[in-house]
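Written below as structure tokens is the structure these notes are about.
2 protein chains.
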Amino acid sequence: MFSLQQVIYFKTTIEKGSINKASKELFVSQPALTKQLTRLEQDLGTCLLIRKSTGVEPTEAGIYFYQRACIILEEIKQIMKEMGRFSFYSSLRIGTLPSLANDYLPSLMDRFINKPKNTEEINILIRDTTQELITLLEDRALEIAFVQDYDGHPIFKSLPLFQEQYFAILPTSHPLGQKQNLSFAEVIQEKMILHKEPCDIRTSFQKHCYHLGIKPNIILELNFNESLLPFVAEGYGISLIPEMSAKNIQDTKILVKKIDHQPFYRKISVVFSEQLESVVFRLLTGQHPIKHG
Amino acid sequence: MFSLQQVIYFKTTIEKGSINKASKELFVSQPALTKQLTRLEQDLGTCLLIRKSTGVEPTEAGIYFYQRACIILEEIKQIMKEMGRFSFYSSLRIGTLPSLANDYLPSLMDRFINKPKNTEEINILIRDTTQELITLLEDRALEIAFVQDYDGHPIFKSLPLFQEQYFAILPTSHPLGQKQNLSFAEVIQEKMILHKEPCDIRTSFQKHCYHLGIKPNIILELNFNESLLPFVAEGYGISLIPEMSAKNIQDTKILVKKIDHQPFYRKISVVFSEQLESVVFRLLTGQHPIKHG
DNA sequence: AGAAGTATATAACCAAAAGTTATATCGAAA
DNA sequence: TTTCGATATAACTTTTGGTTATATACTTCT
Chain A
547 MFSLQQVIYF KTTIEKGSIN KASKELFVSQ PALTKQLTRL EQDLGTCLLI RKSTGVEPTE
607 AGIYFYQRAC IILEEIKQIM KEMGRFSFYS SLRIGTLPSL ANDYLPSLMD RFINKPKNTE
667 EINILIRDTT QELITLLEDR ALEIAFVQDY DGHPIFKSLP LFQEQYFAIL PTSHPLGQKQ
727 NLSFAEVIQE KMILHKEPCD IRTSFQKHCY HLGIKPNIIL ELNFNESLLP FVAEGYGISL
787 IPEMSAKNIQ DTKILVKKID HQPFYRKISV VFSEQLESVV FRLLTGQHPI KHG
Chain B
547 MFSLQQVIYF KTTIEKGSIN KASKELFVSQ PALTKQLTRL EQDLGTCLLI RKSTGVEPTE
607 AGIYFYQRAC IILEEIKQIM KEMGRFSFYS SLRIGTLPSL ANDYLPSLMD RFINKPKNTE
667 EINILIRDTT QELITLLEDR ALEIAFVQDY DGHPIFKSLP LFQEQYFAIL PTSHPLGQKQ
727 NLSFAEVIQE KMILHKEPCD IRTSFQKHCY HLGIKPNIIL ELNFNESLLP FVAEGYGISL
787 IPEMSAKNIQ DTKILVKKID HQPFYRKISV VFSEQLESVV FRLLTGQHPI KHG
């Protein structure tokens with residue numbers, strides 16, 4: 547009997563029109579995918595794909611199987627979701643980045659917890675980097691993680707939540723303080739203060755700079771337990787923080803400026819193991835699925 | 547993601563009401579089944595089965611999943627069948643027992659081959675025992691086998707075709723020749739001639755005797771390349787042959803007698819690999835599925 | 001109550017399946 | 001032709017599913 551995994555592999559391959567591309571999407575190597583597709587064809591006793599040097603296209607049998615497979619997979623997805631209401635996860639461990647822990651996450655939690663029958667015990671764990679949170683998920687020390695700039699994982703599901711821009715923070719005395727808004731180009735010509743690796747802001751900042759072909763001028767690198775703010779306030783240089791965190795800055799020695807042109811932003815996603823899809827759904831919408839029977 | 551196999555395992559377990567019983571039906575060990583069921587529960591994030599010392603019963607979630615699973619599995623079965631019309635099996639290797647090779651199988655073949663578009667090349671292979679045929683299936687030297695007294699296999703599908711009685715053959719001079727019909731009890735008190743192991747007739751004959759608590763009196767054991775008939779004709783003893791073969795006996799020195807009470811019979815089945823279900827369907831019904839598109 | 005009989009769970013181990021990297025092959029386009 | 005993008009194959013490793021042996025727990029029978 548063929549496996550569901552093979553069917554998913556096949557579906558993706560058809561949709562991408564290429565074993566190569568599909569293997570990337572599926573987070574497996576191209577030979578692994580080739581092998582599974584061959585096995586599926588053997589199991590069904592038919593040829594499903596015509597292999598060309600430009601990619602693959604389905605045979606008549608392939609088209610037929612694809613159509614049926616899509617329906618089945620859709621049904622299964624549905625069942626998985628439905629099963630969520632019987633979930634035995636009575637306590638939830640949620641991980642988050644520090645910047646989301648103050649406002650965003652608590653507001654979600656409120657809606658979630660106040661619903662009747664949601665008697666789950668919820669533990670919130672804060673970690674400085676996306677990487678750390680993913681590792682905790684992998685170790686099953688977490689069920690759900692709120693992370694940034696996430697680009698997929700072989701075993702977890704994810705849902706993009708929102709984007710937000712980074713803001714520049716500078717000392718009040720700084721010449722750029724005169725301007726209403728700044729551009730990214732202006733910002734990176736200044737002396738920058740950033741945290742050392744691993745650091746999500748730093749990673750995406752460097753990616754952004756590389757993309758624009760500019761080399762930033764980092765003059766100070768802090769450990770994660772040190773706050774950027776005092777160094778900026780003291781005039782060592784300028785730095786970047788997410789909009790959310792920017793809103794909370796009270797320090798009168800620091801100016802917060804929006805970056806207008808070539809905006810530099812982060813994407814927030816929620817990542818979770820497959821069987822928790824329905825719990826995440828509830829968390830995000832505040833809806834409680836009806837229990838039947 | 548859970549696998550289809552796990553779903554099949556779960557379905558069987560529910561239907562049998564016992565992991566133990568289901569494991570026998572599925573041809574796997576009880577711990578293997580236990581493990582897969584546990585994994586399925588983990589994958590779905592729910593408890594599906596209540597384990598008792600009398601067996602298992604489904605939880606609310608289990609009942610729900612069972613219902614959905616049945617539908618999905620039915621659909622998949624359907625798809626497998628449908629895929630058969632694209633099958634790349636253009637030549638078929640069919641194995642059979644000698645007793646079926648003369649009349650029964652050729653009559654099937656005629657109907658099959660004469661259908662238009664059935665241009666398959668068909669090879670018939672004759673082997674003396676069911677065991678040999680199953681081994682050839684396992685080695686993929688055959689696609690389909692016609693066997694007797696078959697009781698399931700972990701990887702092949704099968705379909706019972708018909709039953710037929712064994713007849714007694716005796717020398718014309720034999721005292722029992724007077725009677726119209728014989729009983730099994732009468733037969734086994736006589737001196738018996740049988741083929742040596744492995745031999746399907748012998749195996750089921752001994753099982754039947756054991757079941758009735760009688761010990762047969764075997765006075766002569768032949769190799770498979772030797773025919774029973776001359777020995778019976780010469781009066782060494784009596785023997786048993788299937789009805790089909792009995793009908794073909796011309797020898798005037800041999801009498802064929804039906805066994806009336808405690809009838810002793812064999813079950814003929816066709817065994818085949820999963821993806822050939824639709825071909826077997828065609829073979830047995832003479833119908834040719836319509837090709838679409 | 002104690003013993004026997006079922007049923008499921010766990011442990012240790014083994015074989016088969018699925019994954020990986022490195023490399024070959026093949027056709028299309030430059 | 002050469003290069004590039006795509007699939008196939010080979011050799012190897014890891015993971016999964018399977019096996020036997022054994023433990024544990026609940027009925028049932030004497």
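Going down the list, the sequences are from chains A and B. Offset between the first sequence (1-based) and this note's numbering: plus 546. Offset between the second sequence (1-based) and this note's numbering: plus 546. In this text, a Cβ means the ideal position worked out from N, Cα and C, and glycines have one as well.
Integer-rounded CB distance, given that residue j should sit under 8 angstroms from residue i
i        : j        : result
B/Ile747 : B/Leu801 : Not really, about 19 angstroms apart at Cβ, beyond 8 angstroms.
B/Asp527 : B/Phe548 : Examination of residue 527 of chain B is not possible in this model, given that chain B is present from 547 through 839 alone.
B/Leu775 : B/Tyr712 : Between B/Tyr712 and B/Leu775 the Cβ distance is about 15 angstroms, and since that is not below 8 angstroms, they are no contact.
B/Gln495 : B/Lys813 : Nothing can be reported for residue 495 of chain B: it is not among the residues displayed for chain B, which extend from 547 to 839.
B/Val816 : B/Leu679 : Not confirmed; about 11 angstroms, so no contact.
B/Leu728 : B/Ile805 : 5 angstroms
B/His754 : B/Phe827 : Not a contact, Cβ separation roughly 32 angstroms.
DSSP-derived helix/strand/coil call for residue i
i        : result
B/Phe777 : helix
B/Pro652 : helix
A/Lys803 : strand
A/Ala687 : coil
A/Lys623 : helix
B/Met547 : coil
A/Glu767 : strand
A/Pro788 : strand
A/Glu743 : coil
B/Arg673 : coil
A/Ile863 : The structure shown does not extend to residue 863 of chain A, since chain A is modelled only from 547 through 839, so no value can be given for it.
A/Ile618 : helix
A/Phe818 : strand
B/Glu571 : helix
A/Glu603 : strand
B/Gly641 : strand
B/Leu594 : coil
B/Lys557 : helix
B/Gly783 : coil
A/Ile565 : helix
A/Lys753 : helix
A/Glu772 : coil
A/Ile668 : strand
B/Ile795 : coil
A/Tyr612 : helix
A/Pro835 : Any answer about A/Pro835 is weak, because its pLDDT of 38 lies below 50 and its placement is not dependable; what the coordinates show is given next. Here A/Pro835 sits in coil by DSSP.
Of the residues the options, the one placed nearest residue i, counting alpha carbons only
i        : options                                   : result
A/Lys761 : A/Gln752, A/Glu767 and A/Asn769           : A/Gln752
A/Gln552 : A/Leu583, A/Phe573 and A/Ile565           : A/Leu583
A/Phe611 : B/Thr605, B/Met626, B/Asn727 and B/Ala687 : B/Met626
A/Arg673 : A/Phe770, A/Pro788, A/Asp806 and A/Gln808 : A/Phe770
B/Glu799 : B/Gly783, B/His807 and B/Val778           : With the sequence shown as reference, residue 799 of chain B is identified as Lys, and Glu is not the correct amino acid for it. Taking only the C-alpha atoms, the option nearest B/Lys799 is B/Val778.
B/Ile765 : B/Arg828, B/Cys755, B/His754 and B/Lys742 : B/Lys742
B/Thr592 : A/Ala568, A/Leu829, A/Glu820 and A/Gln576 : A/Glu820
B/Gly641 : B/Ile596, B/Leu822, B/Phe818 and B/Thr831 : B/Phe818
B/Leu671 : B/Asp656, B/Phe702, B/Leu638 and B/Asp697 : B/Leu638
B/Asp649 : B/Leu822, B/Pro604, B/Pro788 and B/Leu572 : B/Pro788
A/Glu628 : B/Gly630, B/Ala607 and B/Glu620           : B/Ala607
B/Thr749 : B/Tyr696, B/Gly781 and B/Gln796           : B/Tyr696
B/Leu830 : B/Pro652, B/Ile622 and B/Val733           : B/Pro652
Start-to-end residues for the beta strand (DSSP E) that takes in residue i
i        : result
A/Gln694 : Ile690 to Gln694
A/Phe827 : Taken as a continuous stretch (DSSP letters only), A/Phe827 belongs to no beta strand (DSSP E), being part of the alpha helix (DSSP H) at Glu823 to Thr831.
A/Arg631 : Per DSSP, A/Arg631 belongs to no beta strand (DSSP E) and is neither H nor E.
Residue i CB to nearest heavy atom of the ligand COA below 8 angstroms
i        : result
A/Ile739 : The ligand COA is not part of the structure shown, which contains no ligands of any sort.
Where the alpha helix (DSSP H) containing residue i begins and where it ends
i        : result
A/Glu732 : Phe730 to Gln735
A/Leu590 : Gln576 to Leu590
B/Glu710 : That residue, B/Glu710, is in no alpha helix (DSSP H); its beta strand (DSSP E) goes Phe702 to Pro717.
Relative to chain A, which residues along the stretch 585-599 of chain B have a C-beta separation below 7 angstroms, given in chain order?
Taken in chain order, the members of the stretch 585-599 of chain B whose beta-carbon sits within less than 7 angstroms of a beta-carbon on chain A are Asp589, Leu590, Gly591, Thr592 and Cys593.
Near-chain A residues of the stretch 610-621 of chain B - C-beta to any C-beta below 9 angstroms
Listed in sequence order: Tyr610, Phe611, Arg614, Ala615, Ile617, Ile618 and Glu621.
Which residues of the stretch 808-827 of chain B have a Cβ closer than 8 angstroms to any Cβ of chain A? Give them in chain order.
Cβ contacts with chain A come from Glu820, Gln821 and Leu822.
Select from the stretch 704-730 of chain B all residues with a C-beta closer than 9 angstroms to any C-beta belonging to chain A, and list them in chain order.
Correct list: empty, as no residue qualifies.
Positions along the stretch 623-642 of chain A whose CB lies within less than 9 angstroms of some CB in chain B
Against chain B - using a Cβ distance shorter than 9 angstroms - the residues of the stretch 623-642 of chain A are Gln624, Ile625, Met626, Glu628, Met629, Gly630, Arg631, Phe632, Ser633, Phe634 and Tyr635.
In chain order, what residues of the stretch 551-576 of chain A put their CB closer than 7 angstroms to some CB of chain B?
Contacts with chain B (Cβ-Cβ distance below 7 angstroms) from the stretch 551-576 of chain A involve Gln551, listed in chain order.
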